[in-house]
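J.: I'd like to ask some things about the structure below.
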Amino acid sequence: LRCLGSNNYANAMYWGWITKTVFAGLLGALVIACGVWLYAIHVNASETRVIFLSVGQGDAILISQGMNQIVIDGGRDGRQLLSRLGRYIPFYDRTIEVLIPTHPDADHIGGLSALLERYQVKTVFDTGARAKTASAQMFYSGLVPEAARLLPALRGTSITLPRGGQLSIIFPDTLLPADISETNEGSIVSRFDFGETSALLTGDLPDEEQFIPDLETVDVLKVAHHGSRYSTSEGLLNLIQPKEAVISVGKNSYGHPHATVLERLRSHG
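In structure tokens, the structure reads:
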């Protein structure tokens, strides 16, 4: 039997105190992290958000309310789309309730094949328009094993979220031929209303007020066709009087957004 000297006993007490302090600190950090995580889940479940995803030269919009998601378009790159969606959809949620490809151009539909691989898509709204591009063919062929409901995207169709909020399709009026030559002119246009806030989501539709002359005022305008000069006219802005405008655009050779469109938006405040 050997007794510890006073110095050894003090050292043992010291290191025991350090161990307990470190353990308490780690436990406290874990509790805080769990609290933050639970709070984030609560906020995610209670908020209704419209998120314009940064996917470069293309469109991708997420409307999110808890475990319910509507995805409109998917940009050109699937990896980029999934990366952006992963910031806003919880890792344990692998279902997209509604998917709306506005038209079959690559910068709107190119990323959606990857979405089908990562998420189960329940419902897809479709205009009937097709394109002969590889990205469009890959997406539509991917819908077959997905077994998603394919519903016509027609004016008068609406989607209501469980905690309020309604997405209404306001264009097109009829189904489109599969071989439509001007795919932009067949873009799905929708309006999202939540409480007193509204947003007009225009796809790539040119001359919007000519195709949809009965447009009403909105708070947020998703500028059509990445700021092309053939959209967002003075007539449209006078008609809808938006308070904010979002241009989904990246590096491109088309001159998007066009200087005249930017000037029109500035002149309307």
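The sequence shown maps to residues 2 to 270 in the numbering used here.
Glycine is no exception: its CB is placed at the ideal position from the N, C-alpha and C atoms.
1) Any idea if Thr103 is buried or exposed, counting beta-carbon neighbours within 10 angstroms, 16 or more meaning buried?
2) So, with DSSP's three-state summary, where would you put Lys123?
3) Between which two residues does the alpha helix (DSSP H) harbouring Ser234 extend?
4) For Leu54, which option in Gly111, Gln66, Asp74, Glu197 has the closest C-alpha, if you only look at C-alpha atoms?
5) Compute the distance between the beta-carbons of Gly129 and Asp78, then report whether it is under 9 Å.
6) Tell me whether Asn69 sits in a helix, a strand or coil according to DSSP, three-state version.
7) Starting from Arg265 and walking both ways along the beta strand (DSSP E), at which residues does that stretch end?
8) Which residue from Glu209, Gly143, Glu197, Glu147 puts its Cα closest to that of Pro173?
9) Could you tell me which residues DSSP puts in a beta bridge with Asp194?
10) Restricting to Cα atoms, I'd like to know which of Pro105, Leu116, Arg85 is closest to Glu98.
11) Taking the C-alpha atoms as reference points, what is the distance between Ile1 and Leu216?
12) How many whole angstroms separate the CB atoms of Ala200 and Val51, which I take to be in contact at a CB cut-off of 8 Å?
13) Grab me the residues of Ala137's own chain with a C-beta within less than 7 Å of its C-beta, minus the 5 sequence neighbours each way, in chain order.
14) Count the other C-beta atoms from every protein chain shown that fall within 10 angstroms of the C-beta of Lys223, then say buried if there are 16 or more, exposed otherwise.
T.: Looking at the atomic coordinates:
1) Translated into the one-based positions of the sequence shown, residue 103 becomes position 102. Here Thr103 is buried. Its C-beta has 16 or more other C-beta atoms within 10 Å.
2) Numbered from 1 along the sequence shown, position 122 holds the residue referred to as residue 123. The answer is strand: DSSP assigns Lys123 an E or B state.
3) Walking along the sequence shown from the start, residue 234 turns up at place 233. Where Ser234 is concerned, there is no enclosing alpha helix (DSSP H), given that its DSSP letter is neither H nor E.
4) By one-based count along the sequence shown, residue 54 stands at place 53. For Leu54, the closest of Gly111, Gln66, Asp74, Glu197 by C-alpha to C-alpha distance is Asp74.
5) For the purposes of this step, residue 129 is taken as the residue at position 128 of the sequence shown. For the purposes of this step, residue 78 is taken as the residue at position 77 of the sequence shown. Cβ atoms of Gly129 and Asp78: not closer than 9 Å.
6) On the sequence shown, residue 69 is found 68 positions in, with the first residue counted as 1. The answer is strand: DSSP assigns Asn69 an E or B state.
7) Taking the sequence shown and counting its residues from 1, one reaches residue 265 at position 264. Unbroken run through Arg265 is the alpha helix (DSSP H), 260–268; no beta strand (DSSP E).
8) Here residue 173 refers to the residue found at position 172 of the sequence shown. Distances from the CA of Pro173 to each of Glu209, Gly143, Glu197, Glu147 were compared; the closest alpha carbon is that of Glu209.
9) Here residue 194 is taken as the residue at index 193 of the sequence shown, counted from 1. Per DSSP, Gln167, Ser199.
10) Counting from one through the sequence shown, the residue named residue 98 turns up at place 97. Of the listed residues, the one whose Cα sits closest to Glu98 is Leu116.
11) Examination of residue 1 is not possible in this model, given that the chain is present from 2 through 270 alone.
12) Against the sequence shown, residue 200 aligns to sequence position 199. Against the sequence shown, residue 51 aligns to sequence position 50. About 6 Å; that satisfies the 8 Å criterion.
13) Sequence index remark: in the sequence shown, residue 137 carries index 136 (1-based). For Ala137, where only same-chain residues beyond five positions count, the Cβ hits under 7 Å are Pro105, Ile110, Arg131.
14) Residue 223 sits at position 222 when you count from the first residue of the sequence shown. Its Cβ being crowded by 16 or more others within 10 Å, Lys223 is buried.
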